[in-house]
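Note that the numbering used here has the sequence shown beginning at 610, numbered continuously upward. Glycine included, each C-beta is placed from N, C-alpha and C at the ideal position.
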Amino acid sequence: RARSRRLFPNFAVSHGTCFADPCRGQERLWQYLDFGVDWNAVKKVAMPIISKFTARTNGSFVKLSHSSIGWSYYSCDPEWGSLQASHLVTELGEALHSYDVRFVALKGIVEVVPRKGHKGHIVKKILEDARARSRHVDFVMCMGDDIADEKMFTSVINFSAGSEGENSYAFNVAVGKKPTNASFYVDDASDVGDILVALSGDMGLLNRQTSSDGSVASEDFFA
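1. Would you please state the rounded distance, in angstroms, between the beta carbons of Ala694 and Val719? I believe it to be under 8 Å.
2. Comparing C-alpha positions only, which one of Val646, Leu692 and Gln635 sits nearest to Tyr708?
3. So, for Arg740: in the same chain, excluding its five sequence neighbours on each side, which residues have a beta-carbon less than 7 Å away from its beta-carbon?
4. In its own chain, which residues sit with a C-beta less than 8 Å from the C-beta of Asp829, not counting the 5 before and 5 after it?
5. Within the continuous beta strand (DSSP E) that includes Val713, where are the two ends?
6. Are the beta-carbon atoms of Thr626 and Ser660 separated by less than 8 Å?
7. Can you check the stretch 673 to 722 for any alpha helix (DSSP H) of at least 4 residues that lies completely inside it and give the ranges in chain order?
8. If you count every other CB in all the chains shown that lies within 10 Å of the CB of Pro687, and 16 or more means buried, which is it?
9. Indicate whether the contact test is met: 3 or more Cβ pairs, each with one atom in the stretch 758 to 771 and one in the stretch 663 to 679, closer than 8 Å.
10. Distance check for Ser669 and Asn767, CA to CA, integer angstroms please.
11. Which ranges would you report for the beta strand (DSSP E) in the stretch 767 to 796 if only whole runs of at least 3 residues count?
12. Mapping the DSSP letters down to three states, classify Gly753 as helix, strand or coil.
13. Consult DSSP for Phe748 and reduce its assignment to one of helix, strand or coil.
14. For Trp648, which residues of its own chain have a beta-carbon under 6 Å away from its beta-carbon, when the five flanking residues on both sides are left out?
15. In angstroms with no decimal places, state the Cα-to-Cα distance between Arg612 and Thr699.
16. Of the choices Leu705, Pro788, Phe628 and Val765, whose alpha-carbon is the least far from that of Ile756?
17. Using a Cβ-Cβ cutoff of less than 7 Å, which residues in the same chain neighbour Tyr641 once the five nearest sequence positions on both sides are dropped?
18. From which residue to which residue does the alpha helix (DSSP H) around Phe662 run?
19. With a CB to CB cut of under 7 Å and the five nearest residues on each side skipped, what residues in its chain are close to Val801?
20. Let me know the secondary structure DSSP gives Phe762 once reduced to three states.
21. Roughly how many whole angstroms lie between the Cα atoms of Ile678 and Val721?
22. Which one of Asp797, Met656, Val782 and Phe644 has the shortest CA to CA distance from Ala791?
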């Protein structure tokens, strides 16, 4: 297929609230899921509180997106950053109790996000749109390493349940061994890259990766 005909895939960010549909080389059109949150009002209440914690926590900073407010302490002293994050969530919870938002504590970051928003919504949309375009989705692999990814796994399970009788395969894969809705797991993030390269079928790429990082040999993937 000519390079100009290459189909670029979906992308989604901010817990799936912001996404771009597949495109063929042209500029991406970003769209947003609307969960009815007045973010200008939320920011007016939240930003003075977050700014106070940023000033007292060296290395922290604010991350703003269309549908979230984030406070990153990833580069801070771990003990002090975690303590301040806990106090921040408590103070924000009291100030924003009347708004339809919730708080997500991930690795080194606290985020204010729509209460009804989660990654499962965008996974459901992507799968249903793909089915509408091609009438059949024959392979799904969903991988994640965080509690926020469990909603994605649930969406894949529900989608697969509605695809009975079709010749299709769906795999939920947790990164790290932990209690999860996923049926499979890999040990760490490096395994994710190995699997994606193996699935591409590009033996040259797989062999180059094997020689550069000492990962599993190609014959082990394709045995």
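Result, derived from the coordinates:
1. The Cβ separation is near 5 Å, so the contact holds.
2. Measuring C-alpha to C-alpha distances from Tyr708 to each of Val646, Leu692 and Gln635 identifies Val646 as the nearest.
3. So the list reads Val746, once near-sequence residues are dropped.
4. Low confidence applies here, because Asp829 scores a pLDDT of 47, under 50, leaving its location unreliable and the question unanswered by this model.
5. Here the beta strand (DSSP E) through Val713 covers Val710 to Leu715.
6. Their beta carbons are not under 8 Å apart, which means Thr626 does not touch Ser660 by this criterion.
7. The stretch 673 to 722 contains these whole alpha helix (DSSP H) runs: 687 to 704.
8. Exposed, since its Cβ has fewer than 16 Cβ neighbours within 10 Å.
9. No, they do not touch.
10. The straight-line gap from Cα to Cα measures roughly 39 Å.
11. Qualifying beta strand (DSSP E) stretches, in chain order: 778 to 784 and 793 to 795.
12. Strand.
13. Phe748: strand per DSSP, three-state reduction.
14. Annotation for Trp648: no residue places its beta carbon closer than 6 Å to its own, counting only its chain and skipping 5 residues before and after.
15. Confidence at Arg612 is low in this model, with a pLDDT of 40, below 50, so the placement of that residue should be treated as unreliable; the coordinate-derived value is given next. Their backbone Cα atoms lie some 52 Å apart in a straight line.
16. Of Leu705, Pro788, Phe628 and Val765, the smallest CA-CA separation from Ile756 is found for Pro788.
17. The answer, listed in chain order, is Thr626, Cys627, His675 and Ser676.
18. Looking at the DSSP string, the run of the alpha helix (DSSP H) that includes Phe662 is Trp648 to Arg665.
19. Result list for Val801: Met752, Val784 and Val795, in chain order.
20. It is helical.
21. Straight-line Cα distance between these residues: approximately 5 Å.
22. Val782 is the residue among Asp797, Met656, Val782 and Phe644 whose C-alpha sits nearest the C-alpha of Ala791.
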